[in-house]
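Numbering (the numbering used here), first residue to last: 1022 to 1504.
Presented below is the structure to which this report refers.
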Amino acid sequence: MNAAVIAIQAMVSGVNLAVPQLSGSGLHPSATQLVWIVDIHLLVFAGLLVPAGALGDRLGRKPVLIAGLAVFGAGCLGCALAPDVPVLLVGRAVTGLGAALVMPATLALSLAVTPPGERGRAVGAWSGATGLGGMLGNLLAGSTLQFFSWPVFFALFVPVAALLAGLACRWAPATERHAGRSDVPGTVLLVGALTAMLFGLIEGRELGWASASVLAAFAAAAAFGALFVVHCLSADHPLIDLRLLAEPAVGAGVLGVAGAFVGMFGLFFLNAQYLHYAKGFSAIETGLAILPQGLCMKVVSPHSARLAGRWGSRRVVATGMALVVAGLVLLSLATSATPYWRYAIDLLIMATGMGLATPPLSSGIVAALPRTQSGLGSALNSAAREIGSALGIAVVGTVVTARFLAHLPPAVAASAHSTSDAMTAAGHLGSAGHAAATRAFTDAMGAGYRALAVLVAVIALTVLVWRRDAERPGVPDSRRAAA
């Protein structure tokens, strides 16, 4: 199960490392299209995770896992063969569908074979696998992009998915099935709300924040969101029983996981571009430079449950979220002159925060639901991650692109549709032009990180106030779950 998680996360993180090469490739994507290439996978992933989790509860997690791996492999093959941006976007959407089927099943199957007293550690190991997958994805992408092109990176996941599907057929346990009904209207409304919101955020810079299309997108997001809430509160078998979010452990857990991944994936989107454009790192050097972050998350995550049992999960979550915000603030100060060792410390601070905060939040979501809804619980957890990831990339991509192009020399900005175009055009102006473009990029990156820090801090404060009601005085919720 953890191997499947690692594969899914490796592709997600590796794509961020491929952004500089995609930007300068023969597909000629614009800056806005680059954000969509990254985000459309997360959008489909997030929108279909909950129905995929419910599907696993109804049909059995093993067949849903195997089908998801097959769809994921097919999507990666489509990406590798894509002749243009629209086809690449379709392939990325298909990988999102496959990932949505895989992720809830992995956690549910892991918990199905884990004794109750060890489930906190199992969730920690599962969370750590996501960090390890990110690390391996960067290493794989870096080494592949160093010697080959981006289609090869996608093609590598096709045999991996086939191998994992075969192993799942042999080793994954069969689990009980639970009666349930699909909620097509709820799924359509949720995906519609997310799509409209991201369209407004991503396209706002290019079309204008006051343009009719962007305003209509935000209005549609609000309308779809309101209809989704009304539907879920009135339907007999809703996609998400929103009353569950009234349970502090569930509601605060979903919001906290989303907030943590707003910061993490905002970092993933900018990290490779900073190391490539500002520091001059090659693709493989970039992959190695990110290695300490993934290792740190893998080491810290399994210990988070033990610390929560000793100190209380609220304190551990507070410490972790504070470190995430601190890491974003410190990263916002990085320039082309910042030594790598100092930058690596900032990455480790943020990775430690993620490793501390996310396992107790995820455990709270799963533990607060009955065992018959473990698939739904893991889907809620994963959906929160992917919605936060998509939102983080949309926010930071919008802020950075707008500020970067605004601070470029006019001769460069006039012909720049992406960061790669800008850096190439600036290089033609000599060392002074390249230095000006680099300063513009690091300045824009700093603004993006500060925007993320504020957003994550607001979410963290809300979670901690909400989380206070999830614990009785002196008894951490992780201990109650174990009992």
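Ideal Cβ placement from N, Cα and C applies to all residues, glycine included.
Label residue i either buried or exposed according to how many other C-beta atoms from any shown protein chain fall within 10 Å of its C-beta, with 16 as the threshold for buried.
i       : result
Arg1264 : exposed
Tyr1361 : exposed
Asp1257 : exposed
Pro1180 : exposed
Val1134 : exposed
Pro1137 : exposed
Phe1168 : exposed
Arg1488 : buried
Leu1254 : exposed
Leu1102 : exposed
Arg1424 : buried
Arg1142 : buried
Cys1190 : exposed
Ser1403 : buried
Ser1303 : exposed
Gly1229 : exposed
Gly1333 : buried
Val1475 : exposed
Arg1406 : buried
Gly1154 : buried
Gly1301 : exposed
Glu1224 : buried
Arg1113 : buried
Pro1104 : exposed
Ala1411 : buried
Trp1192 : exposed
Only counting the same chain, and skipping five residues up and downstream in sequence, which positions put a Cβ closer than 7 Å to that of residue i?
i       : result
Leu1473 : Val1283, Gly1284, Gly1287, Leu1349, Gly1413, Val1416 and Val1417
Thr1165 : Val1173, Phe1174 and Leu1177
Gly1308 : Leu1038, Asn1159, Leu1160, Ala1162, Gly1163 and Ser1164
Val1106 : Leu1048, Pro1050 and Gln1054
Phe1245 : Leu1210, Gly1213, Ala1214 and Ala1217
Ile1297 : The question names Ile, but residue 1297 in the sequence shown is His. Here the set comprises Pro1041 and Thr1307.
Pro1259 : Asp1204, Gly1207, His1252 and Cys1253
Ile1087 : Ala1186, Ala1189 and Cys1190
Pro1313 : Ala1365, Leu1368 and Leu1369
Val1278 : Thr1379, Leu1382, Ser1383, Asn1402, Ala1405, Arg1406 and Gly1409
Phe1220 : Ala1238
Val1036 : Val1059
Val1115 : Val1092, Ala1095, Gly1096 and Gly1099
Within its chain, find whatever has a CB closer than 6 Å to the CB of residue i; leave out the 5 residues flanking it on each side and keep chain order.
i       : result
Arg1082 : Ala1126, Ala1129, Leu1130 and Thr1196
Asp1367 : Gly1348, Leu1351 and Leu1352
Gly1145 : Ser1322, Pro1323, Ser1325, Ala1326 and Pro1380
Gly1117 : His1062, Val1065 and Phe1066
Ala1378 : Ala1281, Val1338, Gly1341 and Met1342
Val1085 : Leu1076, Gly1077, Leu1122 and Ala1126
Ser1234 : Leu1228
Met1032 : Phe1178
Ala1355 : Tyr1364
Gly1467 : Ser1353
Ala1182 : Leu1090, Phe1093 and Gly1094
Ala1241 : Ala1217
Which residue marks the beginning of the alpha helix (DSSP H) containing residue i, and which one marks its end?
i       : result
His1324 : Ala1304 to Trp1332
Thr1356 : Thr1356 -> no alpha helix (DSSP H), and no H or E assigned at all.
Asp1060 : Ala1052 to Leu1080
Phe1169 : Unbroken run through Phe1169: none, as it is neither H nor E.
Ala1039 : Asn1023 to Ser1044
Gly1246 : Ala1233 to Ser1255
Leu1266 : First-last for Leu1266: undefined, no H or E at that position.
Arg1191 : Phe1178 to Trp1192
Whose C-beta lies closer than 8 Å to the C-beta of residue i among residues of the same chain, with five residues either side of it excluded?
i       : result
Leu1185 : Ala1024, Ala1025, Ala1028 and Leu1090
Val1477 : Gly1280, Ala1281, Val1283, Gly1284, Met1342, Val1345, Val1346 and Leu1349
Pro1194 : Lys1083, Leu1130, Ala1133 and Val1134
Leu1276 : Ala1405, Ile1480, Thr1483, Val1484 and Trp1487
Under 8 Å, Cβ to Cβ, is there at least one residue of chain D near residue i?
i       : result
Leu1248 : In the displayed structure, chain D is absent; only one protein chain is listed.
What are the start and end residues of each continuous beta strand (DSSP E) run of 3 or more residues lying completely inside the stretch 1103 to 1160, in chain order?
none
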